[in-house]
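One gets my numbering by counting positions in the sequence shown from 1 and adding 12 to each. A virtual CB, placed ideally from N, CA and C, is assigned to each residue, including glycine. Before any comments, here is the structure.
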Amino acid sequence: MPRVSYTAPATVDEAVKALAGAAGLAKVLSGGTDLLVQLKSGRLAPELIVDMKRIPEMIGIREEGEFFVIGAATPGVMLSAHERLEHAFPGIVEGVDLIGSTQIQGRASIAGNLCNASPAADSVPPVIAARATAVIAGPNGRREVAVEAIVIGPGRTSLAKGEFVVEFKVPKPKPRQCDAYLRFIPRTEMDIAVVGCAVNVTLDAGGTCIDARVVLGAVAPTQLIVDEAAQALIGHKLDADTLAKLDLAAQRACKPITDKRGTIEYRIKIAGVLARRAAAIAFERAAARA
Ligand SMILES: Cc1cc2nc3c(=O)[nH]c(=O)nc-3n(C[C@H](O)[C@H](O)[C@H](O)COP(=O)(O)OP(=O)(O)OC[C@H]3O[C@@H](n4cnc5c(N)ncnc54)[C@H](O)[C@@H]3O)c2cc1C
């Protein structure tokens, strides 16, 4: 492996300076569970690695008014252990809990899961379904964007040179709002999603859906927000007709590939099934908050 410089700044400003000062490829490291694999395999040969785990602002979960603010380098285990976040967004925690193993979750972050830009990333669909935003720091200061604006293709993000995610802002759920995330893998553990589906719904007091987001993973080059699937839910209770329309809308949105984990046809079928099942769980959870 060629020589790589390593730095672990203590502040966001120092990290911005380190990244801006690199002449060649500089990579941000949060948990390293994707990055180290890519370095060892020779797929990446950066000149500099900037480790974010020593920046206090980037680790931890806090509540600020109507938002949960999650530091970009916060490991998955801290999200799973955060009772208020878990209660508010069981679907986000479901996505995080599916990443690798206990050891992986001790390091892996949502920012790394997002910025690795795999279509199959498990925490990304529920975070997008929650309408979360990402605060990005870079040479031109800070900006805030919707999480879905970051991944633009497999392995590609919209982040400019020297930019990185500092934190995520997740709007707290409204009354009778809840989410769910399900994925399908060919075996029971440690595999990559054939399809992932997050559903986030808000119900009125009578159980009718008044707002929804349905997000699919692993069925297109980026995560898909399926508006037609949300429209199938909004204005309806979860009856057989609604579920059938949701299933069809989810299937229609898919643009998957065939690979060793599943064919195009298989992925499309599974997307409909997971959308039904995730919606049923999200509705049940939301109704229980009445
Ligand atoms: C054994 C194993 C099993 C796995 N299983 C799963 C699984 O089931 N589901 C799944 O989704 N993933 C899985 N992964 C992949 C990986 O663990 C996740 O994608 C993880 O969330 C990556 O987070 P990280 O903090 O370790 O990222 P890192 O490896 O630190 O970074 C990943 C990428 O994101 C960039 N990056 C990191 N932080 C930032 C930031 N703050 N701003 C901008 N860019 C940043 C890095 O430069 C790099 O390009 C698995 C990995 C392993 C090794």
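Identify which residue in the options has its Cα closest to the Cα of residue i.
i, options, result
"Arg55", "Leu47, Val62, Ile61", "Leu47"
"Ile197", "Val62, Asp25, Ala132", "Ala132"
"Ile116", "Gln189, Asp203, Pro102, Leu97", "Asp203"
"Asp191", "Gly167, Asn125, Ala224, Lys29", "Ala224"
"Arg188", "Arg15, Glu95, Arg301, Gly274", "Arg301"
"Thr45", "Cys127, Asp25, Ala20", "Cys127"
"Ile140", "Tyr193, Ala172, Leu110", "Tyr193"
"Pro21", "Leu37, Lys65, Ala38", "Lys65"
"Val16", "Gly77, Glu98, Leu51, Ala161", "Leu51"
"Ile162", "Pro233, Thr200, Leu245", "Pro233"
"Arg119", "Gly103, Thr86, Glu106", "Thr86"
Measuring from the CB of residue i, is there a heavy atom of ligand 1 at a distance below 7 Å?
i, result
"Ala172", "no"
"Met90", "no"
"Ala132", "yes"
"Ser42", "yes"
"Asn152", "no"
"Leu245", "no"
"Thr45", "yes"
"Phe308", "Past the boundaries of the shown model lies residue 308; the chain is included only from 13 to 302, so the question cannot be answered."
"Val49", "yes"
"Val177", "yes"
"Leu37", "no"
"Ser53", "no"
Quick check on residue i: does DSSP put it in helix, strand or coil?
i, result
"Ile269", "coil"
"Gly167", "coil"
"Ala298", "helix"
"Leu91", "helix"
"Val206", "coil"
"Glu78", "coil"
"Pro138", "helix"
*Touching by the beta-carbon criterion (3+ pairs, under 8 Å), the segment 161-181 and the segment 60-71*: yes
*Between the segment 139-147 and the segment 155-169, do three or more beta carbon pairs fall short of 8 Å?*
As far as the Cβ criterion goes, the segment 139-147 touches the segment 155-169, which means the pair count is three or higher.
*Could you tell me whether the segment 266-280 touches the segment 246-258, using the rule of 3 or more Cβ pairs below 8 Å?*
no
*asked:* Quick check: the segment 226-241 against the segment 204-215, are at least 3 beta-carbon pairs closer than 8 Å?
replied: In this structure the segment 204-215 touches the segment 226-241; the number of beta carbon pairs closer than 8 Å is three or more.
*Would you check if there are 3 or more beta carbon pairs closer than 8 Å linking the segment 164-173 to the segment 90-110?*
Below 8 Å, too few C-beta pairs join the segment 164-173 and the segment 90-110 to call them touching: fewer than three.
_For the segment 257-265 against the segment 237-246, do three or more pairs of beta-carbon atoms, one drawn from each stretch, fall closer than 8 Å, so that the two count as touching?_
yes
_Inter-stretch contact (C-beta, 8 Å, three-pair minimum) for the segment 50-65 and the segment 25-35_ = Yes: the two stretches touch, three or more of their Cβ pairs being nearer than 8 Å.
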